[in-house]
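Taking it in order: structure first as structure tokens, then the write-up.
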Amino acid sequence: MQKNKQWSDAELSDFKERWYAFTIPVNIQIENKQVALDLNRVNQIIMQAEKIALGSCVCRTTLQNCNSPRETCIFFNSRAETCVKDGRAKYVTAEQAKLIVSETHEKGLIHLAMHQSITHSQFPSEVCSCCPCCCQALQGLQLLNMKGLVEPSEFVATFDSETCTQCHICVERCHFGARMLDSSEKIIFNHNFCFGCGLCVTTCPENTIKLIPRETPS
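Residue numbers for the sequence shown follow numbering that gives the first Met the number 0, so the first one is 0 and each next one is one higher.
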């Protein structure tokens, strides 16, 4: 079996330098990180954008470690204008963009809001639908333990052992190791590892998993 390609340490460090801290209009301060978003928050950002463009995922196009959709990167406002002008993207409507993120969410991709360091805007430059096997940010976080590269959303998932039927779908959907199986094949949930992306919520057959506001340090 062919080993998945990986970004080099230098490429990941360069990536972190080029994408800077920002605050998104929710109840959390974001510094020096990309932000994991749940589906509802992504749709809110899309509806607030003045211009929207769609382009190919650079990470999946470069590494080609999976068959996930590639035309999934959504650019906003000045970033959208630049990418369209350079021929890297095309303008789309808000409804078209919302359909893209809905489809990628269903396929188990993680939505990350990213910001270019040169623009100094509080609004994200783009929202990507990311896979751990190709994404620079997720590889840096998971393979090289570059803490702080990805910031959790303002929500965290719940777990109810009494209503859980142990179907294990949420374990398969979780890319951050928050849901694991013990020696008896029972689900163990560690909320400290949950990034609040919501991938486990929408596929729970019993609707027992919810997203609740994350407690912030006082």
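Just so you know, even glycine gets a beta-carbon here, dropped at the ideal spot from N, CA and C. It should be emphasised that the depicted structure is a prediction, and the values quoted were computed from it without experimental measurement.
- Within the same chain, R59, K106, L108, C130 come within 7 Å of S67 by CB-CB distance, once the 5 residues on both sides are set aside.
- Listed in chain order, the beta strand (DSSP E) elements of length 3 or more contained wholly in the stretch 21–109 are 33–36, 51–54, 72–75, 88–90.
- Setting aside the 5 residues that flank it on each side, R69 is surrounded in the same chain by S55, C56, R59, T60, each with a C-beta closer than 7 Å to its C-beta; the list follows chain order.
- Classified as exposed, S183 has fewer than 16 neighbouring CB atoms from the shown chains inside 10 Å of its CB.
- When DSSP states are grouped into helix, strand and coil, V170 belongs to the helix group.
- Cα atoms of G86 and D181: separation of roughly 49 Å, rounded to the nearest angstrom.
- Here F154 is not near A177, since their CB atoms are 8 Å or more apart.
- In the structure shown, the three-state DSSP call for A177 is coil.
- According to the DSSP assignment, L137 belongs to the alpha helix (DSSP H) that extends over 135–141.
- By the Cβ test, the stretch 98–105 is not in contact with the stretch 136–146, since fewer than three Cβ pairs between them sit closer than 8 Å.
- The residue from M145, I73, N206, I168 with its alpha-carbon nearest to that of A9 is M145.
- Contact annotation, S152 with F194: C-beta distance approximately 6 Å; criterion of less than 8 Å satisfied.
- Sequence-distant partners of K97 (beyond 5 residues in either direction) whose C-beta falls short of 6 Å from its own C-beta, in its chain, are N42, I45.
- Counting the other Cβ atoms within 10 Å of the Cβ of T164 gives fewer than 16, which makes it exposed.
- Unbroken beta strand (DSSP E) runs of no fewer than 3 residues, entirely contained in the stretch 181–206, are found at 186–188, following chain order.
- Closest option to N189, judged by alpha-carbon separation, among V126, Q95, F158, Q5: F158.
- For I73 and H167, the gap between their C-alpha atoms comes out near 31 Å.
- Around the beta-carbon of N206, fewer than 16 other beta-carbon atoms lie within 10 Å, marking it exposed.
- By DSSP's assignment, C129 forms a beta bridge with I109.
- In this structure, V91 is the residue among V91, S7, C65 with its C-alpha nearest to the C-alpha of A48.
- No Cβ-Cβ contact shorter than 8 Å links C196 with I208.
- Cβ contact annotation for A93 (same chain, cutoff 8 Å, sequence separation greater than five): I45, M46, A48, I51, in chain order.
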